[in-house]
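Counting in UniProt numbering, the sequence shown runs without a single skipped number right up to 353 at its last residue. What follows is a single structure, written as structure tokens, with notes after it.
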Amino acid sequence: MKASVPMSSVRYLLKAVEGQGLDRQSVLDSLELTQDELEQSDSFPAYRYGMLYQKIMWLMQDESFGMLSGGKVPNGTFRMMCLCIIHARSLAHALYRCSDFYEICRGPTVKPVLIKKGRFAMVTFASLASSEENITELVAPESKEQLRTTLSMWHHFICWLIGRRLNLKAAYFTSGRPDDVEYYKTLFQSEVKFNQHANALVFPASYLDMPIVQTEDSLRGFLKTAPYQLLVMVENDNSLKSQVMAMLGKDFSREMPSADEVASALNMSVSTLRRRLNDEKTSYQNIKDDCRKEAAITYMNAPQLSINDIAALMGFDEPSAFFRSFKKWTGMTPGEYRKSDEYLKFGKAMKGL
């Protein structure tokens with residue numbers, strides 16, 4: 001199963017591009033994507049979507065494109081925010097720093113806000129102190145897609161910071177109930193509520209004490225592929241396999257959860273997890289192996305990443321260990337892969353990005 005996003009997400013981006021006065025056809029041409037493919041396909045490869053997102057952010061000179069921000073965020077801002085929070089002593093400390101960073105950042109009028117109430121915490125959004133509009137006025141014109149993308153990216157970013165999945169209690173949206181509500185449930189792996197007073201991620205407050213496990217070294221590789229690791233990466237087929245893939249995410253620099261941990265998060269016994277995956281003709285180990293293989297090939301297809309970068313992104317302390325694993329997965333060494341027809345073909349497809 002290839003990591004993908006719904007084609008509706010691609011259409012949304014392209015519509016937003018048109019709304020900003022950019023040439024939609026030139027963007028399509030750069031992806032070697034036809035209008036027929038847009039209309040006939042249900043999904044789109046996640047990595048190509050990430051590259052499309054990168055290109056549009058560069059063209060628009062706005063790193064918040066497609067997200068709730070209330071203004072343009074200059075390119076390079078996300079990198080500086082990450083550098084400001086990477087040495088925070090805990091997740092709570094990092095999130096407070098994020099909010100402070102947005103207050104002095106040029107461009108946006110919306111900032112993330114951490115609220116803690118009893119056993120639960122919430123990441124939501126508020127207008128900057130300097131803004132003349134309140135958050136309700138700023139959110140009102142935004143689309144369902146934009147709100148979903150915003151919460152999803154912040155969720156995945158928090159997961160990356162702490163090196164494990166942030167298991168949500170609920171995701172709240174101010175927008176009305178959409179037609180694809182099942183996709184929301186697959187994406188957030190939690191209760192999803194609409195027509196709420198705020199857009200928010202709700203989770204156990206115990207996560208706030210967790211340390212930030214990322215470093216400036218791991219940040220470098222992360223930024224080269226952003227926003228790939230922050231995007232939606234599961235098929236919307238409601239299978240258990242998709243749910244497990246969503247829990248694994250795309251950050252393989254951390255230790256993968258055990259089958260027991262995954263089963264517990266899905267509120268089932270590990271024997272039930274194994275039986276149901278067997279019914280889908282797979283296993284937890286096969287899913288992990290397939291996800292790591294796919295991620296490795298995805299990163300190998302990114303010419304801006306060195307082999308050492310990829311080894312680090314994949315969680316290998318030594319590049320030699322990555323070499324051995326990659327050959328086991330593909331039958332080729334990383335060097336041989338980058339000389340192969342498959343890599344050259346992918347590079348051609350990415351030439352405009």
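Cβ atoms here follow ideal geometry from the backbone N, Cα and C, with glycine treated the same way. This structure is a prediction, so every number in the text was calculated from the model and none was measured.
What does a CB cutoff of less than 7 Å around residue i pick up in its chain, not counting 5 residues either side in sequence?
i, result
"Ala295", "Lys250, Phe252, Met314"
"Met350", "Note that Met350 has pLDDT 46, beneath the 50 cutoff, so the model's placement of it is unreliable and no number is given."
"Lys348", "The predicted position of Lys348 is uncertain, since its pLDDT is 49 and thus under 50; a value taken from the coordinates is nonetheless stated next. Around Lys348: no qualifying Cβ."
"Arg165", "Cys159, Met247, Gly249"
"Ser206", "none"
"Thr282", "Lys241"
"Leu59", "Leu22"
"Thr124", "Val113, Ile115, Ala198, Asn199, Ala200"
"Arg97", "Cys84, Ile85, Ala88"
"Ser239", "Glu280"
"Glu18", "Arg24"
"Lys144", "Ser175, Pro178"
Tell me which residues share the same chain as residue i and place their Cβ nearer than 6 Å to its Cβ, disregarding the 5 neighbours each side in the sequence.
i, result
"Asn243", "The sequence shown places Gln at residue 243, rather than the Asn named in the question. Same-chain partners within the cutoff: there are none."
"Ile212", "Ala88, Ala94, Leu161"
"Tyr53", "Pro227"
"Gly352", "Summary for Gly352: the model assigns pLDDT 45, below 50, so the residue's position carries little reliability, and this model does not support an answer."
"Phe316", "Phe322"
"Asn267", "none"
"Phe101", "Met81, Cys84"
Could you pull the DSSP bridge partners for residue i from this structure?
i, result
"Val5", "Phe44"
"Lys117", "Phe120"
"Ala94", "Its beta-bridge partners do not exist; DSSP assigns none."
"Gly65", "In the sequence as displayed, the identity of residue 65 is Phe instead of Gly. DSSP output for Phe65 lists no bridge partner at all."
"Lys111", "Ala126"
"Ala200", "Tyr172"
Pull up the CB-CB distance for residue i and residue j, whole angstroms please, since I reckon it's below 8 Å.
i, j, result
"Lys55", "Gly107", "With 8 Å as the limit, Lys55 and Gly107 do not qualify as a contact, their Cβ atoms being about 19 Å apart."
"Asn199", "Thr150", "7 Å"
"Val5", "Ser43", "7 Å"
"Ala129", "Leu114", "In fact, because the Cβ distance is near 16 Å, the residues do not count as touching under 8 Å."
"Gly70", "Leu138", "5 Å"
"Trp329", "Lys293", "4 Å"
"Tyr47", "Val10", "Incorrect: roughly 13 Å between the Cβ atoms, too far for contact."
List the endpoints of the continuous alpha helix (DSSP H) containing residue i.
i, result
"Leu161", "144-162"
"Glu294", "284-300"
"Met245", "240-248"
"Pro334", "334-337"
"Val192", "That residue, Val192, is in no alpha helix (DSSP H); its beta strand (DSSP E) goes 191-193."
"Phe323", "319-330"
"Asn278", "270-279"
"Lys185", "181-188"
"Met256", "Counting along the chain, Met256 falls outside any alpha helix (DSSP H), and DSSP gives it neither H nor E."
"Asp309", "307-313"
"Glu216", "216-225"
"Ser340", "Taken as a continuous stretch (DSSP letters only), Ser340 belongs to no alpha helix (DSSP H), as it is neither H nor E."
"Glu32", "Where Glu32 is concerned, there is no enclosing alpha helix (DSSP H), given that its DSSP letter is neither H nor E."
"Arg79", "77-85"
"Ile135", "135-139"
Need the endpoints of the beta strand (DSSP E) that residue i sits in, please.
i, result
"Tyr207", "Run containing Tyr207: none; DSSP gives neither H nor E here."
"Ala171", "170-172"
Spatial neighbours of residue i within its chain, please: CB distance less than 8 Å, with the 5 preceding and 5 following residues excluded, ordered by chain position.
i, result
"Met1", "Because the pLDDT of Met1 is 47, which lies under 50, any placement of that residue in the model is unreliable, and the question is left without a value."
"Pro257", "Arg164, Arg165, Met247, Leu248, Ala265"
"Lys224", "Ala302, Gln304, Leu305, Asp309"
"Met300", "Ile310, Phe326, Pro334, Tyr337, Arg338, Tyr343"
"Asp260", "Val270"
"Phe157", "Leu230"
"Trp154", "Pro112, Val123, Leu201"
At a cut-off of 7 Å, is residue i close to the ligand ATP when judged by its beta-carbon and the heavy atoms of the ligand?
i, result
"Asp36", "Inclusion of the ligand ATP in the displayed structure is not the case, the ligand content being empty and no account of it being possible."
Query raised in the report: Should the region 73-92 be called in touch with the region 213-222, which here means at least 3 C-beta pairs below 8 Å?
Result: Enough Cβ pairs lie closer than 8 Å, so yes.
Report task. Evaluate contact between the region 188-207 and the region 169-180, counting only Cβ atoms and requiring at least three cross-stretch pairs below 8 Å. Result -> Touching, yes.
Query raised in the report: Touching or not, the region 26-41 and the region 6-18, by the rule of three or more beta carbon pairs under 8 Å?
Result: Touching, yes, given that three or more Cβ pairs across the two stretches are closer than 8 Å.
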